[in-house]
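Q:
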Amino acid sequence: MAKRSLLWSLLLGLLSCFIVVGTYGENLHHSRTISSGNYHEAMHRLKAFKTSLTRHESIASTPSYSPSPLPSQGVNNPHVYHVTAYGADPSGNSDSTEALLAAIADATKGPSERYLLEGINDLGGAQINLEGGNYMISQPLKLPVVGVGNLMIHGGTIRASNNFPADSYIIDLSKSSNKTPSPSYNFEYITLKDLLLDSNFRGGGISVINSLRINIDNCYITHFTTNGILVQSGHETYIRNSFLGQHITAGGDKNERNFSGTAINLQGNDNAVTDVVIFSAAVGIMVTGQANTFSGVHCYNKATGFGGTGIYLKLPGLTQTRIVNSYMDYTSIVAEDPVQLHISSSFFLGDANIVLKSMNGVVNGVSIVDNMFSGKNSGVEIVHLDQSNSPFHQVDQVFVDRNIARGMKLKTTTAKMSMQGNGTSWSFDFNNILLFPNLIKNVQYSLGSTCCTFPNHALRNVSENRVVIETKEAVNADVFVMVDQSVAS
């Protein structure tokens, strides 16, 4: 920079000399002298010229950003594919299907010397950049080949056109109709981020089929008729920081009774849904795969009173599901024959509750603890047994306790009662509080008498959720009883 400034100074000096000499020679040639006014005018022009040269030097030496032109194939950075360079219309007025598919096709032709899981080509973090545009498509966006991973699609809005195929998905991570051999999983580590997907009541938003470690982050999915997100087979799809609703509403919609579709349909194992809001759908989350986790989920999709369900666990006999720190807003959780189910630290509003639905009469390894319930004093139980198909006859390790309720009927599997009086028999009825009918697996009691002698006493009866304690003789006593439905000892 110093050498360049010195060079410009020398050049300016030489130009000054040439300009002055030229003026002087011209005046001699014409045998004229420079008047005072002409002299000052010439110097003014010279200073202006020098100033313009100095300004150009300053501008040229100041670092500035200017985007490089996009080459014809639509790539201006290694592994970054800008869809407008392929002809996509960011205004959404014309169909951008072919342009988006072309960008996706180029992105999947990345380096092939590295692999993730065996058979999954590592694309090196390739990005399909939607550049904040609004794109209309008439066909699902599918990867042309399976067996690729480490790819991101992000940063824009994609809307289905009026002739989009019914019941299809805007982004479809499933096997294309190619004849190449398939690896164990279709895709691995595909990230869908910062997207608004509008299905235009033509189908679904995102379909993830037999894939591994898929990220769906900060997405807004709306106007679906089937599923907002479908996860089928595979493992470890993580859905987080997203909003899903068939209709765009903020609750209290006059057409809520007519909401349909499912926001998230999990038909695979080991997935996680975290910090997700579901604001309209008949079913918030349908689960038919094991070992899934839900945290920070807010469901006000369709009130249970209107026939909606917040989270439906349709896994009779092997649930293996954890629901924590969630907000069930007028929508209930339903679990069919739950086996290994944990629900804790969640808030249930507007008579929303937990329904254990008997299919084959099995409930085992269920923990429902430390939740808050708020209702409308209409007698709704915080945990309700649906035994319309068959009664629960295999009940083991079910622990419902430490919940608090306001305006709803508290239910538990462990209860305590005390009684004071003078007599020979003390009867305790736990039907109002215990969850399961006619089921007490463990009883502990104590009897304290103010009499001078300690009376003989015994546990006489345990049936129909009632406990009877008797003494051989009438005494004035305090009797305390604790019962448990969860374990036998």
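Take 361 as the starting number for the sequence shown in the working numbering and just add one per residue. Ideal Cβ placement from N, Cα and C applies to all residues, glycine included. Please read these numbers as outputs of a predicted model, since none were measured by experiment.
I need the straight-line Cα distance from F561 to T517, nearest angstrom please.
A: Taking the first residue of the sequence shown as position 1, residue 561 is located at position 201. Taking the first residue of the sequence shown as position 1, residue 517 is located at position 157. When rounded, the distance between both Cα atoms is 16 Å.
Q: Per DSSP, what kind of secondary structure is T582 in: helix, strand or coil?
A: Within the sequence shown, numbered from 1, the residue matching residue 582 stands at position 222. Correct three-state label for T582: strand.
Q: Between which two residues does the beta strand (DSSP E) containing A486 stretch?
A: Counted from its first residue, the sequence shown places residue 486 at position 126. Here the beta strand (DSSP E) through A486 covers N481 to N489.
Q: Starting from D630, trace the alpha helix (DSSP H) both ways and give me its first and last residue.
A: Sequence index remark: in the sequence shown, residue 630 carries index 270 (1-based). Unbroken run through D630: none, as it is neither H nor E.
Q: Within the same chain, show all residues whose beta-carbon is closer than 7 Å to that of T609, passing over the 5 residues directly before and after it, in chain order.
A: Position 249 of the sequence shown, counting from 1, holds the residue named residue 609. Contacts found: F639 and S640.
Q: Under DSSP, the beta strand (DSSP E) around M813 begins and ends at which residues?
A: To locate residue 813, count along the sequence shown from 1; it is residue 453. It should be pointed out that residue 813 corresponds to Thr in this sequence rather than to Met. Element bounds for T813: n/a, residue is neither H nor E.
Q: Indicate whether M496 and S456 have their beta-carbon atoms separated by less than 8 Å.
A: As a first step, residue 496 is located in the sequence shown; it is residue number 136 there, counting from the start. As a first step, residue 456 is located in the sequence shown; it is residue number 96 there, counting from the start. In contact: M496 and S456 (Cβ atoms closer than 8 Å).
Q: Exposed or buried, K662, counting other C-beta atoms within 10 Å across all chains shown (16 or more means buried)?
A: In the sequence shown, the residue the question calls residue 662 occupies position 302. Counting Cβ neighbours within 10 Å, K662 comes out buried, since at least 16 surround it.
Q: Buried or exposed: which applies to L374, given that a residue is buried once 16 or more other Cβ atoms fall within 10 Å of its Cβ?
A: Taking the sequence shown and counting its residues from 1, one reaches residue 374 at position 14. Here L374 scores only 41 on pLDDT, less than 50, and its place in the model is too uncertain to base an answer on.
Q: D577: which of S602, V591 and Q592 sits nearest, CA to CA?
A: Within the sequence shown, numbered from 1, the residue matching residue 577 stands at position 217. Nearest C-alpha to D577: S602.
Q: Could you tell me if M573 is buried or exposed, where buried requires 16 or more neighbouring beta carbons within 10 angstroms of its beta carbon?
A: Your numbering for residue 573 matches position 213 in the sequence shown. A small correction: the amino acid at residue 573 is Arg; Met does not occupy that position in the sequence shown. So R573 counts as buried.
Q: Taking the alpha helix (DSSP H) that D466 belongs to, which residues open and close that run?
A: By one-based count along the sequence shown, residue 466 stands at place 106. T457 to A467 is the span of the alpha helix (DSSP H), which, as asked, contains D466.
Q: Can the beta-carbon of G611 be found less than 8 Å from the beta-carbon of Y660?
A: One-based indexing of the sequence shown puts residue 611 at position 251. One-based indexing of the sequence shown puts residue 660 at position 300. In this structure, Y660 lies closer than 8 Å to G611 by Cβ.
Q: Could you check whether the region 745-758 touches the region 718-726, counting it as contact only if at least three pairs of C-beta atoms, one from each stretch, sit closer than 8 Å?
A: Enough Cβ pairs lie closer than 8 Å, so yes.
Q: Rounded to whole angstroms, what is the Cα-Cα separation between S846 and N615?
A: Position 486 of the sequence shown, counted from the start, is the residue given in the question as residue 846. Position 255 of the sequence shown, counted from the start, is the residue given in the question as residue 615. Rounded to whole angstroms, S846 to N615 spans 42 Å at the Cα level.
Q: Candidates I624, V508 and Q487: which alpha carbon is nearest E473's?
A: The residue you call residue 473 lines up with position 113 of the sequence shown. Nearest of I624, V508 and Q487 to E473, Cα basis: V508.
Q: So for V657, helix, strand or coil by DSSP?
A: Residue numbering aside, residue 657 sits at position 297 when the sequence shown is read from its first letter. Three-state DSSP puts V657 in coil, outside helix and strand.
Q: Pair every Cβ in the region 514-534 with every Cβ in the region 549-568, then say whether three or more of these pairs are closer than 8 Å.
A: The answer is yes - the region 549-568 touches the region 514-534, with three or more Cβ pairs under 8 Å.
Q: Distance check for M842 and D527, CA to CA, integer angstroms please.
A: Here residue 527 is taken as the residue at index 167 of the sequence shown, counted from 1. Here residue 842 is taken as the residue at index 482 of the sequence shown, counted from 1. Rounded to the nearest angstrom, the two C-alpha atoms are 55 Å apart.
Q: Taking Cβ positions, are V741 and N763 nearer each other than 8 Å?
A: Translated into the one-based positions of the sequence shown, residue 741 becomes position 381. Translated into the one-based positions of the sequence shown, residue 763 becomes position 403. As written in the sequence, residue 741 is Glu, which differs from the Val given in the question. Not closer than 8 Å, so no.
Q: Might you give, ordered along the chain, the residues of its own chain that have their beta carbon closer than 8 Å to the beta carbon of K535, omitting 5 neighbours on each side?
A: Position 175 of the sequence shown, counted from the start, is the residue given in the question as residue 535. Within the same chain, K535 has close Cβ partners V506, S542, N546, I569 and N570.
Q: Should L745 and L795 be called a contact, given that it needs their Cβ atoms to be closer than 8 Å?
A: Within the sequence shown, residue 745 is the residue found at index 385, counting from 1. Within the sequence shown, residue 795 is the residue found at index 435, counting from 1. Yes; because the gap between Cβ atoms is below 8 Å, this pair is in contact.
Q: Would you please state the rounded distance, in angstroms, between the beta carbons of T622 and N652? I believe it to be under 8 Å.
A: For the purposes of this step, residue 622 is taken as the residue at position 262 of the sequence shown. For the purposes of this step, residue 652 is taken as the residue at position 292 of the sequence shown. 15 Å between Cβ atoms; not a contact.
Q: Which value, in whole angstroms, describes the spacing of the CA atoms of Q592 and K674?
A: Taking the sequence shown and counting its residues from 1, one reaches residue 592 at position 232. Taking the sequence shown and counting its residues from 1, one reaches residue 674 at position 314. Each residue's Cα considered, the two are about 14 Å apart.
Q: CA-CA distance, A467 and S451?
A: For the purposes of this step, residue 467 is taken as residue 107 along the sequence shown, with counting starting at 1. For the purposes of this step, residue 451 is taken as residue 91 along the sequence shown, with counting starting at 1. Roughly 23 Å between the two C-alpha positions.
Q: For R766, report the span of its beta strand (DSSP E) as first-last.
A: For the purposes of this step, residue 766 is taken as residue 406 along the sequence shown, with counting starting at 1. Here the beta strand (DSSP E) through R766 covers I764 to R766.
Q: Among D761, N510 and T773, which residue has its Cα nearest to the Cα of N575?
A: Working through the sequence shown from its first residue, we reach residue 575 at position 215. N575 has its Cα closest to that of N510, out of D761, N510 and T773.
Q: Name the residue from E458, F708 and T681 whose alpha carbon lies nearest to the alpha carbon of P698.
A: Counting from 1 along the sequence shown, the entry for residue 698 is found at position 338. Per the Cα distances, T681.
Q: Would you say the beta carbon of R600 comes nearer than 7 Å to a heavy atom of the ligand ATP?
A: The model on display carries no ligand, and the ligand ATP is accordingly not part of it.
Q: Sorted by chain position, which residues of the same chain lie with C-beta nearer than 8 Å to V381's C-beta, five sequence neighbours on each side aside?
A: Here residue 381 corresponds to residue number 21 of the sequence shown, with the count starting at 1. Its pLDDT being 35, under 50, V381 is placed unreliably by the model, and nothing is read from it.
Q: Within 10 Å of its beta-carbon, does K776 have 16 or more other beta-carbons around it, so buried, or fewer, so exposed?
A: Counting from one through the sequence shown, the residue named residue 776 turns up at place 416. When all chains shown are included, K776 counts as exposed.
Q: Report buried or exposed for S692, applying the criterion of at least 16 other Cβ atoms within 10 angstroms of its Cβ.
A: The residue given as residue 692 occupies position 332 in the sequence shown. Under this definition S692 is a buried residue.
Q: Look up T664 in the DSSP assignment and say whether it is helix, strand or coil.
A: In the sequence shown, counting from the first residue as 1, residue 664 sits at position 304. The answer is helix: DSSP assigns T664 an H, G or I state.
Q: Using the beta-carbon count (16 or more within 10 Å), is H753 buried or exposed?
A: Counted from its first residue, the sequence shown places residue 753 at position 393. It is exposed - the Cβ of H753 has fewer than 16 other Cβ atoms within 10 Å.
Q: Check whether the Cβ atoms of T937 and E824 sit closer than 8 Å, and answer yes or no.
A: Residue 937 lies beyond the residue range present for the chain, which begins at 361 and ends at 849; the question has no answer from this structure.
Q: Can you check whether the CB of V694 is closer than 8 Å to the CB of I728?
A: If you number the sequence shown from 1, residue 728 lands on position 368. If you number the sequence shown from 1, residue 694 lands on position 334. It is not a contact, given that the beta carbons lie outside the stated cut-off.
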